[in-house]
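Chains as they are written, first to last, in the numbering used here: chain A, 26 to 235; chain B, 26 to 235; chain C, 26 to 235; chain D, 26 to 235.
C-beta atoms are modelled at their ideal positions from N, C-alpha and C, and glycine is treated no differently.
And the structure:
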């Protein structure tokens, strides 16, 4: 599989998914609509969740980019794992909307919406880990990692597999906390968590420059 | 016709179509809405059909990619066949939604929805076969196939022309069976069904490496 | 202006616009919905208009591709004309939906919908002619045309400026005729109407091969 | 960070956002719908705002393109600023729709809609200024600017930070004035406001040609 078109397709899906988030923003402007001040007061979760999910998908894109740039080539299984990742990202506009609509409604439905919003991220995170694992174990990366390096990278990058369930549990206690946790996670992944995958290239480049 | 921009446009259409599937996922969160547990219980076909159609389009993309990578160039007729393929892919979000909404409703409408969902796939499959046939007969491929190889490839790749009608007939007897059949087909096409188109290149490469 | 990113952006807009057409296809599947056979009988204009507009945008993309491939570079004014072209293409899902919804309703509204559907195409056609004219007069093309060649190309390519108003007038007499006219026009533009822009390259190539 | 994929992702987001504007255009074609002439009379703000926002996003794309073409490379912070820019662009279809729906409604809601429409542009403008500032101060540009040149470029390019608030205040007095101001701003940014970033390259090229 040629890497370039996998990147182009993934970029397309991520770009569409991130932009579709705006469809969750909507005022009631029909006849006898409540005032906009009132609507902003009751609908703030939609705006907050829009911003948080936007940065989540943005950071997913940054990391997807970094991971694929470290791959020398992709096999069909890794392309399949990539589809798993993309499928869960595509559910984010839906689970974001459900979460925002039911936040502060209390009760059972709010908790289910929290779990679903968490499931989008957990599924995405599993897809990412499967993809990284495949690249490491099948030696599809540009550089060769020792077993120890491979394990360390997978743990560090795969932290999402741990923090998303934790965020979800926090959300069950106090749903808005989930948004804060997501922002913290986005900040964590905004930093490069796979530096080792890119090290050799930089060394090679600086060596070449000298 | 330059191949690169046909690929870019096709990638764009496939990426948008696959992402629009999420618009079929929706909870009723209005006042007096039924509980989410209840909605998940009645709307599970929407979620199952979302996942199945997502993988269908994902696999269509993988095969589209493989087919075009085997083409040396494209003529206007093959670009037209490509548009036929894309048009039917674009109907998938619509026919998926109809199928999911009418599944388990029984009666005539459910059967029509099954046929329409099948028609999206059959039309797409016809577009694919026309495109492959054109590439083979007009010698637009990177490598030259013998008549026998061309015929074998078209039969093997064009199997969809047979299995989609069969899935549809199965769906008429028991609609959920269609989803299972689609998953099996996606699995079949996830494997490379046009190896011969790519063989020469690999030989050439390995020869070059030695 | 770098040509590559103008192409990428235009491909993106055209791919999204062509895919959004599917949002006009929808069955009423609510409680007490009319049967699907009945809905297919009354909503056939939506399906016919979907297919016709899909091929219109597909052919617009083919020609956009051909025109830009003939350009050596773009200036800011040509990028602006390209935006005019894209803006009218983006209105096609809206005017297609209006046309399909009001077809056979008779009366004034049907005629206004016909005019609007025509306006999308006329505006797009004007954008194309402005773009081609700019490329010709500012010598932004890969090859240099004589004044006579430039004029002939602009007339031949700009035929849309004549045929779209004619289609619209036909549509005022019998609205479904508009769809047929659009199919004929798409067939006309499916063939290369700017061969002269690409001639030199081919000569150069074949010379190089000998 | 590799520049190419940042451009591809940004192009994707901008292309989707600009095309989603069409979803704000809609006629009521249900039973007992008001005539289209009447609807065009009352809904003209939707059409005017569609055209204005379309050109705003088009011009944003032109400038984004120009700015990134002047960058030698991007760091993670500049990618983050780019996400801020894109997030506000993604809100434009929403704030455009609110503005158009509430224009001429008078009262408090109209003023809030004006402020929100202004906020989309102001946030986008801040994102642009942060991105340019980062590129200048971290010396990520292709050419090196003197402190004075850097400051001049940032002021000239960052004018939007001043003119968007002014447009919004004008809109509070007479809302349609905002659309006219936006058109003027789009015209200003249609011209290259960062010529200095591209100068060296041209000099280098013309020197190379001699």
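Query                                                                                                                             : Result
Residue 154/A classed as buried or exposed, judged by whether at least 16 other C-beta atoms fall within 10 angstroms             : buried
Interface positions of the segment 112-136 of chain D facing chain C (Cβ-Cβ less than 8 Å), listed along the chain                : none
Whole-angstrom distance between residue 178/A and residue 98/A, CA atom to CA atom                                                : 19 Å
Beta-carbon proximity list for residue 45/A, same chain, < 8 Å, skipping 5 on both sides                                          : 118
Local Cβ density within 10 Å of residue 35/A, reported as buried at 16 or more and exposed below that                             : buried
Per-residue DSSP class, three states only, for residue 160/D                                                                      : helix
Extent of the continuous alpha helix (DSSP H) run through residue 166/C                                                           : Looking at the DSSP string, residue 166/C is not in any alpha helix (DSSP H), and its letter there is neither H nor E.
Proximal residues of chain B, C-beta to C-beta of residue 85/C below 9 Å                                                          : Simply none; closest approach about 11 Å.
Amino acids of chain A, ordered along the chain, whose beta-carbon sits closer than 8 Å to that of residue 79/D                   : Those within 8 Å of residue 79/D in chain A number zero; the least Cβ separation is about 15 Å.
Three-state secondary structure assigned by DSSP to residue 184/A                                                                 : coil
For residue 96/D, the residue or residues it bridges with in DSSP                                                                 : 166/D
Contact belief for residue 61/A with residue 138/D at Cβ below 8 Å, rounded distance in angstroms                                 : 7 Å
Contacting residues, own chain, Cβ-Cβ under 8 Å from residue 189/A (five flanking each side not counted)                          : 143, 146, 147, 150, 210
Inter-residue spacing [alpha-carbon to alpha-carbon] between residue 207/A and residue 68/A                                       : 19 Å
Contact under 9 Å by Cβ, residue 75/C with residue 104/C                                                                          : no
Below-9 Å beta-carbon distance, residue 97/A vs any chain B residue                                                               : no
The segment 115-129 of chain D / the segment 48-57 of chain A touching (three or more Cβ pairs under 8 Å)                         : yes
Residues near residue 125/C in its chain [Cβ-Cβ closer than 6 Å; skip 5 each side]                                                : 70, 71, 74
Pair within 9 Å by beta-carbon distance, residue 110/A and residue 201/A                                                          : no
Distance, residue 66/C Cα to residue 193/D Cα                                                                                     : 49 Å
For residue 69/B, the three-state DSSP class (helix, strand or coil)                                                              : helix
Through-space distance from residue 94/B to residue 161/C, alpha-carbon basis                                                     : 34 Å
Beta-carbon gap between residue 214/B and residue 156/B smaller than 9 Å                                                          : no
Residues within the segment 30-51 of chain B neighbouring chain C, beta-carbon criterion of under 7 Å                             : 30, 33, 34, 37, 38, 41, 42, 45
Chain C contact for residue 104/B (CB, 9 Å cutoff)                                                                                : yes
Any chain A beta carbon closer than 9 Å to residue 182/B                                                                          : no
Residues that residue 108/A contacts on chain B, provided the C-beta gap is smaller than 7 Å                                      : 80, 83
Cut-off 7 Å between Cβ atoms - residues of its own chain near residue 135/B, not counting five sequence neighbours on either side : 127, 128, 200
Closer than 9 Å at the beta carbon, the chain B residues around residue 101/A                                                     : 87, 215, 216, 217
Separation of residue 86/B from residue 180/C, as counted between CA atoms                                                        : 39 Å
CA nearest to the CA of residue 56/C, picked from 170/B, 108/B, 130/B                                                             : 130/B
Cβ of residue 75/A within 9 Å of any chain D Cβ                                                                                   : yes
Interface residues of chain C facing residue 138/B [CB-CB closer than 9 Å]                                                        : 52, 54, 61
Nearest to residue 167/D (by Cα), restricted to the options 176/D, 53/D, 92/D, 59/D                                               : 92/D
Beta carbon of residue 32/D nearer than 9 Å to that of residue 176/C                                                              : no
Proximity test, Cβ basis, 9 Å: residue 145/D and chain C                                                                          : no
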